[in-house]
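Letter by letter, the sequence shown follows residues 0 to 320 of numbering that gives the first Met the number 0. Built from N, CA and C at the ideal position, the CB exists for glycine as well. Working notes, structure below.
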Amino acid sequence: MFFSVIIPTYNRKPILEKCLRALENQHLKDDRISGYEVVVVDDGSTDGTLEWLAANSQDFTHTKMLSQEHLGPAAARNLGVEHSRGDIIVFIDSDLVVTENFLQAHADKLKEGEKKIGSDRLFTYGWVINTSNFDNPSSEQYKITDFSAAYFATGNVAIARKWLKLAGGFDTGFQLYGWEDLELGVRLKKLGLKLIKCPAALGYHWHPPFSLEQIPALIEKEIQRGKMGLLFYQKHPTWEVRMMIQMTWLHRLLWDILSIGGRLNERTMAPLLQWLVDRGKLQLAVQISRIFLNWYNVRGVYSSLKSEVKASSRRGKTINY
């Protein structure tokens, strides 16, 4: 196996350095992996990422850099795959710091899974532990909130190039935040690929400690996720996708009730959230903020749906959702 690790990045230079240094220090067995490369795709960063990597290229012998305009992670990943050499593609995010046996664990599990199911129609999905510890991310322990039920998520996944090609790669219509990886997962599932969990391929997903200053950006992400959710549903109009993107009357009712019709929002809840932050209860503050963040997400879905219905009506077409 030759591995190509594809990493899209956008204005994440400090944590990207930790990400790349961890990938430089992989411990490999000769009988599994013949070699590996790391393909970083800069998605129009403005923080000096390209200049920094060029100036420090001698420290990252496995890494090559590509760049594009700010077109989103779907386009960035496709570009990375196009310019990579590996028969096995690994997708991670640029804020993930992996362990030294990360690639070896994926390789071992791919072989083990193939033998177990009697087919190579599979991919491996590693564990992701969320942490806000920048200095020592690997000190974080696994938490119940780190569990993911996603079928195909690009935070930590290894898959044969041929299956990506057969599925058609990522849909570059997903230019905003959210769903481009899960949408590809729907197509991979239709091809009969099996998910093989690989806890030993461990990565630590860093994010800054929660603060009220982050809330506007978090709200914008949820609105974007809502818009991209509608695109996801338009491609795969199933009840399963409706549930995933929260486009049901149940979700509208749930978040309307919990947020009291949007009255519990970033402004009215700010004093409580700040009180929790001041006392170090960051995780609780994050969970409480999900009340209004989910409300914004559902509103984003239905706002996009309303716009789509109006546009279709102007074109003389009728759509039913």
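For K28, the secondary structure class from DSSP, reduced to helix, strand or coil, is coil.
Distance from the CA atom of D94 to the CA atom of W248, rounded to whole angstroms, is 35 Å. Under the criterion of beta carbons closer than 8 Å, F1 and R84 qualify as touching, at roughly 6 Å. By the beta-carbon neighbour count (other beta carbons within 10 angstroms, threshold 16), E221 is buried. Where A159 is concerned, the enclosing beta strand (DSSP E) starts and stops at 155 to 159. Distance from the Cα of D29 is smallest, within the candidate group D107, S312, E16, for D107.
By alpha-carbon distance to A148, the top candidate from D134, K161, K164, L181 is L181.
Annotated three-state conformation of S33 is coil, per DSSP.
Note that the stretch 42 to 53 does not touch the stretch 151 to 165; fewer than 3 beta-carbon pairs, one per stretch, sit closer than 8 Å.
Excluding residues up to 5 positions away in sequence, L230 lie with their Cβ nearer than 7 Å to the Cβ of G172 in the same chain.
By the neighbour-count definition (other C-beta atoms within 10 Å, threshold 16), F122 is a buried residue. The beta carbon of E113 lies closer than 7 Å to those of D119, L121 in the same chain, with the five residues before and after it left out.
Looking from the CA of H206, the closest CA among G260, M227, L217 belongs to L217.
Taken atom to atom, the span from the alpha-carbon of L283 to that of L165 is near 43 Å.
The criterion of a C-beta distance shorter than 8 Å is satisfied by I88 and R160.
Contact between the stretch 126 to 145 and the stretch 53 to 73 is absent: fewer than 3 CB-CB pairs across the two stretches fall below 8 Å. Here H204 is bridged, per DSSP, to L95, N129. Listed as beta-bridge partners of T123 by DSSP are A157, I195. When DSSP states are grouped into helix, strand and coil, S288 belongs to the helix group.
The shortest C-alpha to C-alpha distance from G79 to any of K196, I5, G47, G177 is the one to I5. Distance between Q286 and N293, taken at the CA atoms: about 11 Å. With at least 16 other beta carbons inside 10 angstroms of its own, K17 counts as buried. By DSSP's assignment, K63 forms a beta bridge with V38.
The C-alpha of K309 lies about 25 Å from the C-alpha of E179.
About 18 Å separates the beta carbons of L183 and Q223, which is beyond the 8 Å limit, so they are not a contact pair. If you draw a straight line from the Cα of T98 to the Cα of N135, it comes to about 12 Å.
Taking a cut-off of 8 Å for Cβ pairs, the stretch 7 to 25 and the stretch 60 to 78 touch, as three or more such pairs fall below it.
Here S258 carries a coil assignment [DSSP, helix/strand/coil]. Note: T8 is bridge-paired with D41 in the DSSP secondary-structure output.
Secondary structure of F1 (DSSP, three-state): strand. Burial is judged here by how many other beta carbons sit within 10 angstroms of a residue's own beta carbon; F101 has at least 16 and is buried. For W274, the enclosing alpha helix (DSSP H) starts and ends at 269 to 277. One thing to note: H82 has its Cβ no nearer than 8 Å to the Cβ of V39.
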